[in-house]
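According to this note's numbering, the stretch in the sequence shown is residues -15 to 650, in order. The structure appears right after this line, and notes come after that.
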Amino acid sequence: MSRNSETLRPPSLAQHFDAPEDYIGHFGWLCGYSADALFLDDATERFTRLTRSQRAHQGRIALVVLLDPGNPPVSLQDAPGVAHFPIKDHANKPFRLLHAKVALLGFRHQENHSQWQLRLLVSTGNWTRQTLEESLDLVWRIDIASESLSNLDADVKQNCADIKAAWNLLAWIQQLFDTRLLNASAYGHLSETMNALQQVGQWIDACSRKAQGRPRVFDSRSKSLLYQLPEKIKACSGVKRNYLAMGSGFYEASANQGKSPEVPVAIVNALRDQGLLTTKPEVDLYVNPMDCQAIATAVEPLQSCGMTIRPAAIPQIVFGEGAQRTLHAKFLFSANYRDSSNACTSAWVYLGSGNLTHPGFDNKMSDSAGNLEAGVVFAPDSLCWKKNKETEEHLVVTNLLPIQWDNEIGDATKLSAGPGMVPRDAIYAAPPVAWLTWHEADGVCELRTDEPRAAEIQVLDSAGIACSRTKSGFQWREAQPRQARIRWQENDRQIESLIPVVDQYGRIAATELTAIGIDEAWWQLADFPLPPDVDGEDDGDGGSDEHEGKDKVKGRSVPTTSYPIRQMMELIESIAAKQTGIDEMDWVLWCNRLVQTLGQAADSVPVKFFRDELKLNPLSPLRHQSFRPLFAEPCDSELGKMYDDTLGRIEVSWKINEMSPIGGAK
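Okay, here's the thing in structure tokens:
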């Protein structure tokens, strides 16, 4: 129901991931029935404001996707920044299908990092390209900003209640999935991914504490959507309405020809029994004429129940003239109408994942008979039935929902049951090992893991041949991979799966880091917290400032005997000045960026000069308290220890850790 009132071109499902102005996506959670790499890659670029190559270089998780286990895995290489987690125990899953489609996204202000926004999406469509290009779907959205929590009104309290309800669902689903990868890091320190996850968790908690009233968002874990529907409607208004529209992408299968599908009839009866529909309301049932399951053989029985079957409408003002779309949205719309008025009075809308079937709407979640579904019931304001001179396009209900009243289907020969829902046999389940860690020393490369089930797996090279085991892992004789294929036995079956590789900087499934010079290292640090600009990388020497024993500076060659000292000291001074102003919330990210960026410069001329000629540790001044922010000054504090360890790791990578500090003996 989101829309742009000026053009009436509502955002697509992917566009709902766009970061607000002056904000960037920090971390988010999604659940759903299906997703594909094309959609997720587009959504993540909108969310993070980072290109595909920037996200692959960054190597952190921005979005976690929890899907029905029948969905094929989406790898971090196909959609950088997106972690699609497998289910832990498919045999004992508590739902027939994971069908709920909910996203909770956290955005952080680019300059004032104490400001944030949360966005909640409840969708009828899957996180797929098909949803964008072929389906008629709907999405409900709310945004809440950190500043609004200090000035609570009824709307903010209600939004907080919805955030709390959605997070309750997502947190519950997480327990069923293998989320071990979130803990992947280098040297056991808090990763950038976990840091962002924890910060967004704090924002969600802040909203949850302000929640008041009944949430509009609900799910089918303990009760069916139909059972809960009347109370959700009464929270909008308890009056009787004389019109009801129902639409669904799927209906019950054609089991008994000539018999009315039970769920649409049950909805009408439940609303009438609860005093939410008049005795003889006008009821329209919207379908895909060529794929409507039991509706195709039940035209007369439905008509005898007072229902009119209509083809779903494709709003021309939204999709353009001649657009072809198939109904996938699941919705209910009810309101009062009078011949003398154009107003939709006492209107309410349900939209969500639950099709008008027994597993989708009439049954609570169970392993055999009920899906895990989620939806929302809300009361839109000031809707009108038709467009006239006094109404605006964004208030006309036929521009917002796929409904119309010009065409009806009274002849069963105009309908077809269609193929129905296609079953999915493949199961994406958790492997024994969630990731492998890259280790390289003295020319020997290994993929390592300390998972307790490591003995169960084989690691396969690019030719599918099992790698040799070592005392600490698996020997790897090829270039460092972003992901590796593993093989294991389970229930007398041989299973293979791709899992990500984490490098020495804690980057997950990341692209290879090229050697850079000292100047380029500072350019990358100077733009912090923005990520390095990797799209315009030089394919030649990788940005090295070495050339026949000389450094190049703006086209000039400078003898390395004098320039490296000044170049290195300028870098140290610049880092010191920069980091004293770093926000405490960004300290983990800053320490990781230092290790990664300066590690790339380990073979630059200035580093070699200090190491091989001067035998000095040029990083030693950075340990002084005056070169640290206040929160990292105490060496025995958590953040202080993190910083000292960061410098120690850089010193090891530069091979200067045993050398004397500048200005004194070691």
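From the three backbone atoms N, C-alpha and C, an ideal C-beta is built for every residue, glycine too. Here the structure is a predicted model, which means the values were calculated and not measured.
- Quick one: grab the DSSP three-state call for N601. Of the three classes helix, strand and coil, the one that applies to N601 here is strand, per DSSP.
- Message: Tell me which residue opens and which closes the beta strand (DSSP E) that P548 is part of.
- Response: Where P548 is concerned, there is no enclosing beta strand (DSSP E), although the alpha helix (DSSP H) it sits in stretches over Y547 to Q563.
- Item | Beta-ladder partner(s) of N320, from DSSP | T329.
- Task: Please report the residue range of the beta strand (DSSP E) in which M230 lies.
- Result: It spans R225 to G231 - the beta strand (DSSP E) in which M230 sits, taken as one unbroken run.
- Item | Span of the alpha helix (DSSP H) around F303 | Where F303 is concerned, the enclosing alpha helix (DSSP H) stretches over Q300 to F303.
- Task: Specify the secondary structure class of W460 as computed by DSSP and reduced to three states.
- Result: In the structure shown, W460 adopts coil according to DSSP, grouped into three states.
- Query: Hey, is the region 187 to 201 in contact with the region 146 to 165, meaning 3+ C-beta pairs nearer than 8 Å?
  - Reply: Yes, the region 187 to 201 touches the region 146 to 165.
- Message: For Q584 and I640, which I take to be in contact (beta-carbon distance under 8 Å), what is that distance rounded to the nearest angstrom?
- Response: In this structure, Q584 and I640 do not form a Cβ contact; the two beta carbons are roughly 16 Å apart against a cut-off of 8 Å.
- Task: In the DSSP assignment, find the alpha helix (DSSP H) that holds Y211 and state where it starts and stops.
- Result: L209 to C220 is the span of the alpha helix (DSSP H), which, as asked, contains Y211.
- Query: Hey, is R225's beta-carbon within less than 8 Å of any beta-carbon in chain C?
  - Reply: Given the protein chain composition of this structure (a single chain), no chain C is represented.
- Message: Which residue marks the beginning of the beta strand (DSSP E) containing Q508, and which one marks its end?
- Response: Note, Q508: premise wrong, no beta strand (DSSP E); alpha helix (DSSP H) at I502 to A510.
- Report the residue ranges of all beta strand (DSSP E) runs contained in full by the region 328 to 393; include only those spanning at least 3 residues, in chain order. The qualifying runs are 329 to 336 and 358 to 362.
- Would P343 pass as a contact of A353 if the rule is Cβ separation under 8 Å? A contact, by the Cβ cut-off of 8 Å.
- Taking 8 Å as the threshold, find out whether the region 17 to 29 comes into contact with the region 112 to 128 through three or more Cβ pairs. With the cut-off at 8 Å, the region 17 to 29 and the region 112 to 128 touch.
- Can you check the region 238 to 289 for any alpha helix (DSSP H) of at least 4 residues that lies completely inside it and give the ranges in chain order? Complete alpha helix (DSSP H) runs here, min 4: 246 to 257 and 283 to 288.
- Query: For L573, which residues of its own chain have a beta-carbon under 7 Å away from its beta-carbon, when the five flanking residues on both sides are left out?
  - Reply: E176, N179 and P513.
- With DSSP as the reference, label R309 as helix, strand or coil. Coil.
- Item | For V361 and N96, the rounded distance between their alpha carbons | Computed Cα separation, rounded: 35 Å.
- Message: According to DSSP, is E236 part of a helix, a strand, or is it coil?
- Response: DSSP places E236 in coil when its eight states are reduced to three.
- Query: Straight-line CA distance for P407 to R92?
  - Reply: One C-alpha to the other measures close to 40 Å.
- According to DSSP, is Y7 helix, strand or coil? In the three-state scheme derived from DSSP, where H, G and I count as helix and E and B as strand, Y7 is classed as strand.
- Message: Report the start-end ranges of each alpha helix (DSSP H) in the region 66 to 151 that is 4 residues or longer and not cut off at the edges.
- Response: List check, alpha helix (DSSP H) in window: 113 to 117.
- Contact check, Q464 vs Q61 under 8 Å by CB: the rounded distance? Rounded, the Cβ-Cβ distance is 13 Å, inconsistent with contact.
- Cut-off 7 Å between Cβ atoms - residues of its own chain near Q94, not counting five sequence neighbours on either side: Beyond the five residues adjoining it in sequence on each side, Q94 comes within less than 7 Å, by CB distance, of D6, Y7 and I8 in the same chain, given in chain order.
- Task: Put Q467 into one of helix, strand or coil per three-state DSSP.
- Result: Three-state DSSP puts Q467 in a strand.
- Label N143 either buried or exposed according to how many other C-beta atoms from any shown protein chain fall within 10 Å of its C-beta, with 16 as the threshold for buried. Looking at its Cβ environment, which holds 16 or more other Cβ atoms inside 10 Å, N143 is buried.
- Mind checking which residues open and close the alpha helix (DSSP H) that includes P590? Per DSSP, P590 belongs to the alpha helix (DSSP H) from V589 to K592.
- Cα-Cα separation, E635 to I479: The straight-line gap separating the alpha-carbon atoms of E635 and I479 is approximately 42 Å.
- What does D203 pair with, by DSSP beta-bridge criteria? Checking the DSSP bridge columns, you'll see D203 partnered with A358.
- Message: Using a Cβ-Cβ cutoff of less than 7 Å, which residues in the same chain neighbour P436 once the five nearest sequence positions on both sides are dropped?
- Response: Excluding sequence neighbours, P436 sits near nothing in its chain.
- Please go through the same chain and pick out, in chain order, the residues whose beta-carbon is closer than 6 Å to the beta-carbon of S232, but skip the five residues on each side of it. Here the set comprises K314, N339 and L340.
- Verify the contact flag: R92, CB atom, against every heavy atom of the ligand COA, threshold strictly below 7 Å. You won't find the ligand COA in this model; it holds no ligand whatsoever.
- Message: With distance defined between alpha-carbon atoms, name the residue in L181, A40 and E374 nearest to H10.
- Response: Out of L181, A40 and E374, L181 has the C-alpha closest to the C-alpha of H10.
- Message: Assuming E617 is part of the alpha helix (DSSP H), what are its boundary residues?
- Response: Segment: none, E617 is in no alpha helix (DSSP H) and carries neither H nor E.
- Query: Can you pull the DSSP bridge partners for K15?
  - Reply: Residue 15 is actually Cys in this sequence, not Lys. DSSP output for C15 lists L50 and V86 as bridge partner(s).
- Message: What residue range does the alpha helix (DSSP H) around L22 cover?
- Response: First-last of the alpha helix (DSSP H) with L22: A21 to T32.
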